[in-house]
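Undergrad: Residues 1 to 212, numbered by the working numbering, are exactly what the sequence shown covers, in order. Please find one structure pasted underneath; my questions will follow.
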Amino acid sequence: MINIALPKGRLGEVVYLLLEKAGYGCGEYPADGRKLIINCGENGVNYFWVKPSDSAVYVELGAADAGIAGKDVLGETQPDVYEIMDLNVGKCKLCVAAKNGFKDDLSRPLRVATKYVNSAENYFASIGREIEIIKLNGSIELAPVLGLSDVIFDVVETGATLKENDLCVLEEVTDVSARFIVNKSAYKFKSKEINLLAQSLKGILKNGNIKI
Ligand code: PRP
């Protein structure tokens, strides 16, 4: 059996669809109920529904053999796992954004609201801009609107949240997508099963026969 940590929410739905097409489904979509562990014994997998930001933790610590995590989370937490494949779904960009018309005042540190503290610190250090981090866990776009921060460092997918809140992108920092990750010991002990699953996923992605 391979134990797989799947991110709850829209990304998980899309990834589950991929896995189902790859031959690792378990009948109907398994995240409709409140059950967090779904056993698909006949296909040799167990699915764990986890918070998207936690899936790499389950995999790194071996509670799951494999999982799906966004590159944003992997970049932020740098877990000690193998990153096997880019699934090319859950695509978005990590961006710096601010209120329309924002002008940076270089005489003081830039106040940056984000949940990606390490990634933001690395990025601003790379461009030599001194910052002050305001760590938030969600609704990041509210911070500049309320004057809590000057800018945000956050993922932008459709851009709708920025637009609705009169914000705009100042800088696109990096591309993000979902990655298939594997625990390092599991990759040794279950290499046959994991490689088979990875190959099946690759086949699905290559055929492009999935509508996201
Ligand atoms: C993410 C992100 C933005 C939004 C971007 O939030 O933090 O707020 O999605 O998407 P868009 O460009 O398509 O509008 P999420 O939905 O994860 O909720 P959160 O505010 O709790 O982080």
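Every residue gets a Cβ at the ideal spot worked out from N, C-alpha and C, and that includes glycine. Nothing here was measured: the structure is a model prediction, and the numbers come from that model.
Could you check which residue in 194, 206 and 104 has the C-alpha nearest to that of residue 4?
TA: When only C-alpha atoms are compared, the closest one is 194.
Undergrad: Start and end of the alpha helix (DSSP H) containing residue 74?
TA: Where residue 74 is concerned, the enclosing alpha helix (DSSP H) stretches over 71-77.
Undergrad: Expressed to the nearest angstrom, what Euclidean distance is found between the alpha-carbon atoms of residue 114 and residue 135?
TA: Straight-line Cα distance between these residues: approximately 5 Å.
Undergrad: Which residue's Cα is closest to the Cα of residue 155: 97, 128, 45 and 187?
TA: Here the closest residue by C-alpha is 97.
Undergrad: Could you tell me how far apart the beta carbons of residue 24 and residue 43 are, in whole angstroms, since I believe they sit closer than 8 Å?
TA: Going by Cβ atoms, the distance from residue 24 to residue 43 rounds to 5 Å, so yes, they are a contact pair.
Undergrad: Using the rule of at least 16 other Cβ atoms within 10 Å of the residue's Cβ for burial, across every protein chain shown, is residue 60 buried or exposed?
TA: Residue 60 is buried by the Cβ-count criterion.
Undergrad: How would you write the range of the alpha helix (DSSP H) that residue 196 sits in, first residue to last?
TA: Unbroken alpha helix (DSSP H) run through residue 196: 191-207.
Undergrad: Pull up the CB-CB distance for residue 133 and residue 141, whole angstroms please, since I reckon it's below 8 Å.
TA: That belief does not hold up - the Cβ atoms of residue 133 and residue 141 are roughly 16 Å apart, past 8 Å.
Undergrad: Report buried or exposed for residue 127, applying the criterion of at least 16 other Cβ atoms within 10 angstroms of its Cβ.
TA: Classification of residue 127: exposed, given that the 10 Å Cβ count is below 16.
Undergrad: Output the distance between the C-alpha atoms of residue 147 and residue 82, rounded to the nearest integer angstrom.
TA: Going from the Cα of residue 147 to the Cα of residue 82 covers about 40 Å.
Undergrad: Is residue 108 helix, strand or coil when you go by DSSP?
TA: Three-state DSSP puts residue 108 in coil, outside helix and strand.
Undergrad: I'd like to confirm something about residue 77: is its beta-carbon nearer than 7 Å to some heavy atom of the ligand PRP, or not?
TA: Not so, every heavy atom of the ligand PRP lies at least 7 Å from the Cβ.
Undergrad: Report all residues from its chain with a CB closer than 7 Å to the CB of residue 109; omit the five preceding and five following residues, and keep chain order.
TA: Only 130, 131 and 132 meet the Cβ criterion.
Undergrad: Return the first residue and the last residue of the alpha helix (DSSP H) that residue 17 is part of.
TA: Note, residue 17: alpha helix (DSSP H), 10-19.
Undergrad: Would you mind working out which of 173, 151 and 85 sits nearest residue 206, comparing C-alpha positions?
TA: Minimum Cα distance to residue 206 is reached at 85.
Undergrad: Locate the alpha helix (DSSP H) running through residue 118, then write down its first and last residues.
TA: Counting along the chain, the alpha helix (DSSP H) containing residue 118 begins and ends at 117-126.
Undergrad: Tell me which residues share the same chain as residue 202 and place their Cβ nearer than 6 Å to its Cβ, disregarding the 5 neighbours each side in the sequence.
TA: Same-chain partners within the cutoff: there are none.
Undergrad: Three-state secondary structure (DSSP) at residue 188?
TA: Here residue 188 sits in helix by DSSP.
Undergrad: Let me have the residue list for the ligand PRP: C-beta closer than 6 Å to any non-hydrogen atom, ordered along the chain.
TA: Those residues, listed in chain order, are 138, 139, 140, 141, 154, 155, 156, 157, 158, 159, 160 and 161.
Undergrad: Taking only the alpha-carbon atoms, compute the straight-line gap between residue 212 and residue 6 and give it to the nearest angstrom.
TA: Caution is warranted here: a pLDDT of 41 is assigned to residue 212, below 50, making its placement in the model unreliable, and the coordinate value is therefore given only provisionally. If I take the Cα positions, the gap works out to 17 Å.
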